[in-house]
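Under our numbering, the first residue of the sequence shown carries the number 3, and numbering increases by one thereafter.
Virtual Cβ for every residue (Gly too), placed ideally from N, Cα, C.
In what follows, a structure is listed as structure tokens, so that the remarks can point back to it.
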Amino acid sequence: MNDYINIFIDKEYPTFLDKYLKSKTLIRLKNVTQFCGCDYTKLYSPRFKYTRYTHSLVVAHMTWHFTHNKKETIIALFHDAGTPCFAHSIDYVFGDYINQESSEKNIVDIINNDTELKELLKSDDITLNDFKNFDNYHILENKSPKLCTDRLDGVLHTCYVWLHTHEKGRIKEVYDDIIVLTNEENLPEIGFKSKNSANKFVEMVFNYAKELQGNTDKFVMKYICEIVKEAVNKKLISYDDLYTKKEDELCEIFSTNFPSWKYFVNATAVVKTERLPKNHFYISFDTKRRNTIPLVKTNGGIKRINEISDDSSDLYRKLEQYKDSTYAYIEEIESL
3 MNDYINIFID KEYPTFLDKY LKSKTLIRLK NVTQFCGCDY TKLYSPRFKY TRYTHSLVVA
63 HMTWHFTHNK KETIIALFHD AGTPCFAHSI DYVFGDYINQ ESSEKNIVDI INNDTELKEL
123 LKSDDITLND FKNFDNYHIL ENKSPKLCTD RLDGVLHTCY VWLHTHEKGR IKEVYDDIIV
183 LTNEENLPEI GFKSKNSANK FVEMVFNYAK ELQGNTDKFV MKYICEIVKE AVNKKLISYD
243 DLYTKKEDEL CEIFSTNFPS WKYFVNATAV VKTERLPKNH FYISFDTKRR NTIPLVKTNG
303 GIKRINEISD DSSDLYRKLE QYKDSTYAYI EEIESL
């Protein structure tokens, strides 16, 4: 794991980050996995456990590399502080399949309940107001399909850690070609020095976005969503537990109380079909479409890669047209 993280650590190390790494707000994220529950089934095989803590650390180092702005880097470190256990799977609990923004607690409220963290922030002249609008931090956050450090790590770690489609060398090659450019709105946005590297990145985007549109990922998230709802209904857990307990603790509760959990854990494939499944727990729904179209520096100015590359444009068309089967289920799971 450290080999992956080290790709993004700037030569000028941001030592001011270190004092924040033991804050209870950040430590909690060590028990929230990045892939929304996919670590708990054999449907996927991540290279190692990638948590919201790891993601937050990488995004902070990326943000420092591109900005050398202390405030934006610290904001980046805590950008996921409100994420619950199983992350976006909990958005499904609230019926938020498309935007996937419903489950995160307000970061200002989270920080307000961490006295030690507030003191650390005060020592760096950072106030609660600085966390109220991430739209002010263009390198950290940008609306899709623009590129930002949060989305950049999402693409890179998905391809390396989760899907195994790209090795560290390719990740580093692509990352090292990224610089800060000026976008169509005259605002800073990270992009590429070369068309070649941008095309390689688009290949990663294709793998990343297609998987998140696919039925395997959707099955995992919907199954966990329904398990969580049922566990709450049975008073085995509360929704507040998603922000205080460890995922491992919740999984133990699921394992003890839901017979289907062992089948979920040991499943190696979902059955995909166009026929309505009978006597199975199944999924059939649309979800958030993720996409990233990066900027590229060219002799003719700064362009989006789809404006100058036929190869990337073809991949974006394929992604737009992609749709998995209407239904999917796991053979052994008839009900929760």
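- Assignment of residue 68 by DSSP, reduced to helix, strand and coil, places it in the helix class.
- In terms of Cα proximity to residue 214, the closest of 62, 181, 290, 318 is 290.
- Between the C-alpha atoms of residue 277 and residue 219 there is a straight-line separation of about 20 Å.
- Residue state for residue 264 is assigned as helix, using DSSP reduced to three classes.
- Membership of residue 211 in the alpha helix (DSSP H) is indicated by the continuous run 197-215.
- In the DSSP assignment, residue 274 falls within the unbroken beta strand (DSSP E) covering 273-275.
- Listed as beta-bridge partners of residue 297 by DSSP are 193, 306.
- By the neighbour-count criterion, in which a residue is buried when 16 or more other Cβ atoms sit within 10 angstroms of its Cβ, residue 169 is exposed.
- Cα atoms of residue 241 and residue 247: separation of roughly 10 Å, rounded to the nearest angstrom.
- By the 16-neighbour rule on beta-carbons within 10 angstroms, residue 196 is exposed.
- Taking a 10 Å sphere around the C-beta of residue 15, we find fewer than 16 other C-beta atoms and assign the residue as exposed.
- In summary, residue 64 is buried, with 16 or more beta-carbon neighbours lying within 10 Å of its beta-carbon over all protein chains present.
- Residue 69 and residue 286 have their C-alpha atoms spaced approximately 42 Å apart.
- C-alpha of residue 93 to C-alpha of residue 227: approximately 8 Å in a straight line.
- In this structure residue 148 is buried. Its beta-carbon is surrounded by 16 or more other beta-carbon atoms within 10 angstroms.
- Closest in C-alpha terms to residue 295, from the list 36, 202, 221, 243, comes 202.
- Under the 8 Å Cβ criterion, the region 17-31 counts as touching the region 108-124, having at least three qualifying pairs.
- For residue 329, the enclosing beta strand (DSSP E) covers residues 329-331.
- One thing to note: residue 283 has its Cβ within 8 Å of the Cβ of residue 337.
- Rounded to whole angstroms, the Cβ separation of residue 45 and residue 222 is 6 Å, and the two are in contact under 8 Å.
- Under the three-state reduction of DSSP, residue 46 is assigned to coil, being neither helix nor strand.
- With distances taken between CA atoms, residue 173 lies nearest to 206 out of 138, 245, 58, 206.
- Using a Cβ-Cβ distance cut-off of 8 Å, the region 22-40 and the region 131-140 are not in contact, since fewer than three pairs of beta carbons, one from each stretch, lie closer than that value.
- Taking a contact to require three or more Cβ pairs closer than 8 Å, the region 158-168 and the region 181-195 do not qualify as touching.
- When only Cα atoms are considered, residue 155 and residue 60 end up about 7 Å apart.
- Under the three-state reduction of DSSP output, residue 284 falls in the strand class.
- If you draw a straight line from the Cα of residue 334 to the Cα of residue 81, it comes to about 38 Å.
- With a threshold of 16 other beta carbon atoms within 10 Å, residue 330 meets it and is buried.
- If the five residues before and after residue 300 are omitted, its C-beta is found closer than 8 Å to the C-beta atoms of 197, 310, all from its own chain and listed in chain order.
- With respect to residue 292, residue 200 sits apart: the two C-beta atoms are not nearer than 8 Å.
- Annotation for residue 217: 272, 274, 285, 326, 327, 330 place their beta carbon closer than 7 Å to its own, counting only its chain and skipping 5 residues before and after.
- Exclusion of the five residues before and after residue 233 leaves 239 as the residues of its chain whose Cβ lies within less than 6 Å of its Cβ.
- Taken through DSSP and simplified to helix, strand or coil, residue 183 comes out as strand.
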